[in-house]
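Novice: In the order they appear, the protein sequences are chains G and X.
Number 146 marks the last residue of the first sequence (our numbering); no jumps.
Number 217 marks the last residue of the second sequence (our numbering); no jumps.
What follows is a single structure, and I will ask about it in a moment.
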Amino acid sequence: MNEQKAEEGVWYIIFGAWVIALISTLGSLFFSEVMRFPPCVLCWYQRICMYPLVLIFLVGLFPLNKSVLRFSLPLSLAGLGIALYHNLLYYKILPESAAPCVQGISCTTVFIKWLGFITIPLLALTGFSLIIILQLLAMRKLKHER
Amino acid sequence: MKDKKIIIAAVTFVLIAGFVLAASIYRSSHAEKMGFMAKEDFSKFVPDYAPRTGDEKAKVFVVEFLDPECESCREFYPFTKDLLNKYQGKIQLVVRYAPFHDNSEIAIRIVEAARKQNKYWETLENLFQYQPEWGDHHNPRPDLIWTRLGEVQGLDIEKLKQDMNDPQITKNLDQDITDGRELQVRYTPSFFINGKPLEDFGAEQLKNAIEAALAEK
Chain G
1 MNEQKAEEGV WYIIFGAWVI ALISTLGSLF FSEVMRFPPC VLCWYQRICM YPLVLIFLVG
61 LFPLNKSVLR FSLPLSLAGL GIALYHNLLY YKILPESAAP CVQGISCTTV FIKWLGFITI
121 PLLALTGFSL IIILQLLAMR KLKHER
Chain X
1 MKDKKIIIAA VTFVLIAGFV LAASIYRSSH AEKMGFMAKE DFSKFVPDYA PRTGDEKAKV
61 FVVEFLDPEC ESCREFYPFT KDLLNKYQGK IQLVVRYAPF HDNSEIAIRI VEAARKQNKY
121 WETLENLFQY QPEWGDHHNP RPDLIWTRLG EVQGLDIEKL KQDMNDPQIT KNLDQDITDG
181 RELQVRYTPS FFINGKPLED FGAEQLKNAI EAALAEK
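As structure tokens, this is what we get:
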């Protein structure tokens, strides 16, 4: 009984991670397809990590398969790494010369600044962080159950 | 289990519907903002210095942000020309620059210098025609522009070379870049019909937008 309850909790946590991944995906598409902000190279790398999560989490939810955490964590960690790097460039903690974008779109062009500090790379960083927190939470829950 | 599927379906539906709704709201408010700017600040779209063609009394201004080195601009140019013929006396085409490529600036300086000899459109067409030679993305050869310019009848190339460095060209180009940024021009060609941005790019869409602007008058 207790085990079933824990599984139920894990289901909702993964569901939460799926919602965040879906919002991030649609949000990034909104920026590029509707507002027509050109995505820079780093943004593309982060998209590569974020978009598959929507499908991977979904498959892991029906029926609940705990391995989904193992399969999704490398993607979200890689995404977090790139997002961190991107934010360091964006907020000029790292010099721009360290940026890999030689031609085309600069990775440090500021397109939006909501409330004075919310930028697109910050949104990406938040998305990946939240997903990872939920993944770790689900893993802990499963460990305790045993 | 069944409930959960319903939750997923509901969340997916709500988020996608939200996306579509937000997109349509964004597009209409964007278009409205531009329309307002066109009324309030006409010169942001049609500055005095910008090359234009068509009947001077025509009330519909088609502003095209282009780049002589952009392939889509080259591909699209014949459609624009057709439309100019089709709506003769009714529309004016205004050219603004959005130099998004490495050699855009040289090309723009050349057409602008040709303008001083009244050879603007011929030269622009010449650059578009031979763009695959000089503007190849993997091996750009801006020097090749010169080998073909001789085909423009009556163009004095020596004079053109001198005029290219006119500081006024630099000033105008800078203004185009500033205005382009403000008008959120992020790809070329970008069209504004009486200040209204052409949201969906395409020949048919441009024609419809012109029809709509003509009907408004």
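Every residue gets a Cβ at the ideal spot worked out from N, C-alpha and C, and that includes glycine.
Keep in mind the model is a prediction, meaning the values are calculated, not measured.
Name the residue from G:Asn87, G:Thr126, G:Ala21, G:Glu33 whose alpha carbon lies nearest to the alpha carbon of Val11 (chain X).
Specialist: Per the Cα distances, G:Ala21.
Novice: What residues in the segment 44-75 of chain G have a beta carbon less than 8 Å from any beta carbon of chain X?
Specialist: Against chain X - using a Cβ distance shorter than 8 Å - the residues of the segment 44-75 of chain G are Leu58, Leu61, Phe62, Pro63.
Novice: For chain G, is any of its Cβ atoms less than 8 Å away from the one on Tyr26 (chain X)?
Specialist: Cβ-Cβ to chain G under 8 Å: yes for Tyr26 (chain X).
Novice: Leaving out five residues on either side along the sequence, give the residues of the same chain with a beta carbon under 8 Å from the beta carbon of Phe128 (chain X).
Specialist: Same-chain partners within the cutoff: Pro68, Cys73, Arg74, Tyr77.
Novice: With distance defined between alpha-carbon atoms, name the residue in X:Lys90, X:Lys116, X:Ile169 nearest to Ala215 (chain X).
Specialist: Measuring from the Cα of Ala215 (chain X), the nearest candidate turns out to be X:Lys90.
Novice: Figure out for me which residue from X:Ile110, X:Val111, X:Gly150, X:Phe61 has the closest Cα to the Cα of Glu211 (chain X).
Specialist: When each option's Cα is compared against that of Glu211 (chain X), the closest is X:Phe61.
Novice: At the 8 Å Cβ level, is Glu107 (chain X) part of the contact set with chain G, yes or no?
Specialist: Glu is not the amino acid found at residue 107 (chain X); the sequence shown has Ala there. For Ala107 (chain X), the answer is no, since every Cβ of chain G falls outside 8 Å of its Cβ.
Novice: For Gln103 (chain G), I'd like the list of residues in its chain whose CB is within less than 6 Å of its CB, leaving aside the five on either flank, ordered along the chain.
Specialist: Bear in mind that a pLDDT of 45 at Gln103 (chain G), under 50, signals an unreliable position, so the model cannot answer this.
Novice: Do you know offhand how far His144 (chain G)'s Cα is from Phe62 (chain G)'s?
Specialist: Taking the straight line from one Cα to the other gives about 23 Å.
Novice: Answer yes if the segment 172-189 of chain X comes into contact with the segment 148-162 of chain X, meaning at least three C-beta pairs across the two stretches below 8 Å, and no otherwise.
Specialist: No, the segment 148-162 of chain X does not touch the segment 172-189 of chain X.
Novice: Put Arg36 (chain G) into one of helix, strand or coil per three-state DSSP.
Specialist: Three-state DSSP puts Arg36 (chain G) in coil, outside helix and strand.
Novice: Does the segment 197-205 of chain X touch the segment 41-59 of chain G, meaning 3 or more C-beta pairs lie closer than 8 Å?
Specialist: At 8 Å Cβ cutoff, the stretches do not touch.
Novice: Are Ile147 (chain G) and Phe128 (chain G) closer than 8 Å when you measure CB to CB?
Specialist: Since the first and last residues shown for chain G are 1 and 146, residue 147 (chain G) lies out of range.
Novice: Spell out a yes or no on whether the segment 134-143 of chain X and the segment 20-28 of chain X are touching, meaning 3 or more CB-CB pairs, one atom from each, closer than 8 Å.
Specialist: The segment 134-143 of chain X vs the segment 20-28 of chain X: no contact.
Novice: Have a look at Tyr49 (chain X) and Asp176 (chain X) and give me their C-alpha separation to the nearest angstrom.
Specialist: Using only the alpha carbons, I get a separation of about 10 Å.
Novice: Going by CA-CA distance only, name the one from X:Lys57, X:Phe45, X:Ala114, X:Val14 that's closest to Val63 (chain X).
Specialist: Minimum Cα distance to Val63 (chain X) is reached at X:Phe45.
Novice: Would you check if there are 3 or more beta carbon pairs closer than 8 Å linking the segment 146-153 of chain X to the segment 115-127 of chain X?
Specialist: Contact holds: three or more Cβ-Cβ distances are below 8 Å.
Novice: Below 8 Å on the Cβ atoms is my guess for Pro197 (chain X) versus Ala31 (chain X); work out the distance and round it to an integer in Å.
Specialist: Confirmed, about 6 Å.
Novice: With DSSP collapsed to three states, give me the class of Lys143 (chain G).
Specialist: Lys143 (chain G) falls in the helix class under three-state DSSP.
Novice: Is Val111 (chain X) helix, strand or coil by DSSP?
Specialist: Val111 (chain X): helix per DSSP, three-state reduction.
Novice: Please confirm if Phe19 (chain X) has its CB atom under 8 Å from at least one CB of chain G.
Specialist: Chain G, which has a Cβ nearer than 8 Å to the Cβ of Phe19 (chain X), makes this yes.
Novice: Counting C-beta neighbours from all protein chains within 10 Å, is the total for Lys119 (chain X) 16 or more, i.e. buried, or is it exposed?
Specialist: Classification of Lys119 (chain X): buried, given that the 10 Å Cβ count is 16 or more.
Novice: Can you check DSSP and say which residues form a bridge with Pro197 (chain X)?
Specialist: DSSP output for Pro197 (chain X) lists X:Phe192 as bridge partner(s).
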